[in-house]
């Protein structure tokens, strides 16, 4: 089964059959040949990816994003640099998503650039209205809570990632992205709905939170499958990058949702 997260969609790495996972199930290990196929010059690592690897690298990427975000916040970089950071971040995301072998420097560069974007946007939102004081802290706390809840639901088996679940989530996410991108284009012609206010803004923000939350379950499943397959240790960077992308998306949707609720 493939993830709809392009970062985790490599079927040869993140597919079923096992090593060590989020759940406690019988462990098997992929043959050494599987681990040697990710580098044209030979094996990237003789060690398989582990859950600790994914957790530590995800934590590092989030620390980098928070650090650059804080710097952007206190430097008051403004929307101009935020837009540049968003475009650079998107470019790095595409490069990292489709590289055959993950590049830790490029992945960390993505986290740094994305942090600048998040810091600038977060400051702009919080300072735009006295009623929004503290909204960033609420969005960060909400992201952490949702992450913990989704992980607990996944580990307990309350949420099971099946083929049907994946297809429905992919279809819903594609439709959502088309709607939001189309609305952005309409704004160029002074049309469309206000994504940061009103009924449509509130509804789309709520939908975005739900979709991003469910994507966490999809990411957990793909990481689990990669670990089960005994994917090489370097792939933990790809897994961490995929989780970071989803966490950033969830944070932005929660920031939008809470901002609308508090401002209205």
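In our numbering, the protein residues as written are 1248 to 1511. Using N, Cα and C, we set each Cβ at its ideal position, and we do this for glycine too.
Contact annotation, residue 1363 with residue 1319: C-beta distance approximately 4 Å; criterion of less than 8 Å satisfied.
Residue 1352 carries a helical assignment under DSSP once its states are collapsed to helix, strand and coil.
For residue 1489 and residue 1466, the gap between their C-alpha atoms comes out near 7 Å.
Under the Cβ criterion (8 Å, minimum of three pairs), the stretch 1493-1501 counts as touching the stretch 1380-1394. Taking C-beta atoms under 8 Å as the contact rule, residue 1371 and residue 1326 qualify, at a distance of about 7 Å. Taking every protein chain shown into account, the CB of residue 1407 has fewer than 16 other CB atoms within 10 angstroms, so this residue is exposed.
Apart from the 5 residues on each side of it in sequence, residue 1480 sits with its Cβ closer than 7 Å to the Cβ of 1292, 1294, 1295, 1296 and 1300 in its chain, given in chain order. Cβ contact annotation for residue 1443 (same chain, cutoff 7 Å, sequence separation greater than five): 1503, 1506 and 1507, in chain order.
DSSP links residue 1479 through a beta bridge to 1295. Here residue 1365 is buried: its Cβ has 16 or more other Cβ atoms, across all protein chains shown, within 10 Å. Where residue 1411 is concerned, the enclosing alpha helix (DSSP H) starts and stops at 1410-1434. Taking all protein chains shown into account, residue 1486 has 16 or more neighbouring C-beta atoms within 10 Å of its C-beta and is therefore buried.
When secondary structure is reduced to three states using DSSP, residue 1442 falls in the coil class, being assigned neither helix nor strand.
With 16 or more other Cβ atoms from the protein chains shown falling within 10 Å of its own Cβ, residue 1369 counts as buried. Assignment of residue 1393 by DSSP, reduced to helix, strand and coil, places it in the helix class. Proximity of the stretch 1443-1461 to the stretch 1418-1429 meets the contact definition, three or more beta-carbon pairs being nearer than 8 Å.
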